[in-house]
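In this note's numbering, the protein residues as written are 191 to 442. From the three backbone atoms N, C-alpha and C, an ideal C-beta is built for every residue, glycine too. These figures come from a predicted structure and were not determined experimentally.
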Ligand code: NDP
Ligand code: 8X3
């Protein structure tokens, strides 16, 4: 069946791979991100390659009013969102708390926690009203463990872990599915963003082992949406075969 799928942060990495797999399977997409050029190009490409409808929405998930305006005034035919993939997120900086940059903290907290909440607040009422919907939050191994210098990013992903459970509790009586997918190391633009454009530092994160690829996560996200009505994946941790915990890797 054809669904309307909203993927936040679809301009790169895991979000883009999710958009592609849903489009491949014939679903119509609302895709979001701050980088308008990329968003528009991706939108055109998905329409062309997969003959699906795509609505690109250019906003910053940290901007509460922008999120509300964009998602509560959707054009005709787009309002009934079936699947929400709360993917937009980032890590910025790696420091101890005592040396941490408070601007980095604000950005992570505002994006990963408040942004996810704003988007969910805009979309979930429609789902509960229709008694149909599936919310998939992209958590992280950082939401299961705390590792050196990961402090605030880990705290935001622990919050995603908690909010996934909370959203499920609040919406269970409406038949809404709520899932968390928590990946280990996935090679995307994530580390370039975390190290503020330092490509060498970013590359070193994935040296000596095969990391996950964004498509690995997209496959699992898509699979979670294919289960029958009576079954839901609540929480799924996926890591590279060469990763045993947030900090233990089998590097060559
Ligand atoms: P990327 O940097 O490749 O993608 C991040 C996406 O989030 C981009 O599309 C970006 O779009 C969007 N985004 C970031 N900030 C905002 C914002 N304020 N408003 C709107 N969109 C925003 O990284 P990943 O694909 O790896 O990250 C996706 C998710 O996966 C994140 O939540 C991350 O925490 C999580 N994750 C990543 C792992 C990894 O190892 N890569 C492992 C576990 C979880 P734009 O810049 O255009 O706004
Ligand atoms: C991204 C993976 O291990 O860098 O969430 O936190 S990690």
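query                                                                                                        : result
Pick from 314, 312, 214, 433 that is closest to residue 192, judged by C-alpha positions                     : 214
Stretch pair the stretch 202-218 + the stretch 281-291: three plus CB contacts closer than 8 Å               : no
Inter-residue CB distance, residue 331 and residue 374 (contact presumed, cutoff 8 Å)                        : 5 Å
The ligand 8X3 heavy atom lying under 7 Å from the CB of residue 435                                         : no
N- and C-terminal bounds of the alpha helix (DSSP H) containing residue 247                                  : That residue, residue 247, is in no alpha helix (DSSP H); its beta strand (DSSP E) goes 244-248.
Three-state secondary structure assigned by DSSP to residue 433                                              : strand
Whole alpha helix (DSSP H) elements within the stretch 341-424, 4-residue minimum                            : 341-361, 380-384, 389-395, 404-414
CA-to-CA distance, residue 326 to residue 426, given in whole angstroms                                      : 11 Å
Bounding residues of the alpha helix (DSSP H) (the contiguous stretch that carries residue 313)              : 306-320
Ranges of the beta strand (DSSP E) found wholly within the stretch 212-258, counting only runs of at least 3 : 218-223, 244-248
Near the ligand NDP: residue 230 beta-carbon under 7 Å from a heavy atom                                     : no
Proximity winner among 268, 283, 366, 202, relative to residue 321 (alpha-carbon distances)                  : 366
Proximity test, residue 244 beta-carbon vs the ligand NDP heavy atom, cut-off 7 Å                            : no
Residues that DSSP places opposite residue 194 in a beta bridge                                              : 218
Residue 225 burial status per 10 Å Cβ neighbour count (16 or more: buried)                                   : exposed
Separation of residue 222 from residue 260, as counted between CA atoms                                      : 10 Å
For residue 333 and residue 344, the rounded distance between their alpha carbons                            : 6 Å
Near the ligand 8X3: residue 347 beta-carbon under 7 Å from a heavy atom                                     : yes
Three-way DSSP call (helix, strand, coil) for residue 273 in this model                                      : strand
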